[in-house]
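In the numbering used here, the protein residues as written are 1 to 302.
We treat Cβ as the ideally placed atom computed from N, Cα and C, and that holds for glycine.
A short write-up of the structure that comes next.
Written out as structure tokens, the structure reads:
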């Protein structure tokens, strides 16, 4: 109901401005053609409809031409909004049919021949129709903007940022032969070997849930993210964040070390979903540097 009232008000305002232009002559026409439709604030209460307004009986040719030119500008603005909306719908993966940005705007304007073939009543009707469609497109763009912002926030909260900028994977997620106990055990994360003191970065936006020492892990940081996700960074030489602190994706939270049970400097990186460990590579994707098989080097782990 609120949208309907606003649409009627906006359409009525355009009609009043159009008629005002006819009554005022050149000055009024200049005002109408120089103002952006989106800056027109709808009055309260809504003005009368086009059928109840007093329309000049003999508008001048210049007045009709000015209104026709304004109609063309509004139609161009509607085309621009349609193109923008269609592009945003495509980028955000929304249902194109639901937003209907591909529907062409109503077309109108003086035909070939005398300009009076296109009457003031026809112009006012077209102006109202286009104004209503522009209002509709702006409302839909507002909805899409909210969706895109939400998608951006979720993307920032997904642990897709690598915990170290350089290094290589020495141990993957899953069962392995433990490097110190020499028995087959489940490894709940991924180990990234990197020089001692290398900055460890948060994989995503979140809040620090734990920062301290744990048996086996040594110095460890846990960060809680959206959708029940927690990331864990262990065997650090030093923690740089405190419990309750908000951190941003890529922010330095610790430095690489070999605290706890570890054979060399590395960061043990875990992702937990609703308390259960999942493969971090499902979020991190392709390795940016080298794997152990390629490196043939230090098998730091823990």
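{"Check": "Through-space distance from residue 130 to residue 72, alpha-carbon basis", "Outcome": "10 Å"}
{"Check": "Residues near residue 27 in its chain [Cβ-Cβ closer than 6 Å; skip 5 each side]", "Outcome": "The predicted model places residue 27 with a pLDDT of 36, which falls under 50 and marks its position as unreliable; any figure quoted below should be read in that light. If we look at residue 27 and ignore the five residues flanking it on each side, it has no Cβ neighbours."}
{"Check": "Residue 247 beta carbon less than 8 Å from that of residue 241", "Outcome": "yes"}
{"Check": "Close beta carbons around residue 281, own chain, < 7 Å, minus the five adjacent residues each side", "Outcome": "173 and 190"}
{"Check": "Cβ-Cβ separation, residue 278 to residue 271 (assumed contact under 8 Å), whole Å", "Outcome": "5 Å"}
{"Check": "Residue 177 classed as buried or exposed, judged by whether at least 16 other C-beta atoms fall within 10 angstroms", "Outcome": "exposed"}
{"Check": "Residue 80, DSSP secondary structure in three states", "Outcome": "helix"}
{"Check": "Touching by the beta-carbon criterion (3+ pairs, under 8 Å), the segment 125 to 140 and the segment 227 to 237", "Outcome": "no"}
{"Check": "Residue 128, enclosing alpha helix (DSSP H) - first and last residue", "Outcome": "120 to 157"}
{"Check": "Coil, strand or helix - residue 242 by DSSP", "Outcome": "coil"}
{"Check": "DSSP beta-bridge partners of residue 272", "Outcome": "230 and 277"}
{"Check": "Alpha carbon of residue 182 to alpha carbon of residue 188, nearest angstrom", "Outcome": "16 Å"}
{"Check": "Beta bridge counterpart(s) of residue 193 as assigned by DSSP", "Outcome": "168 and 266"}
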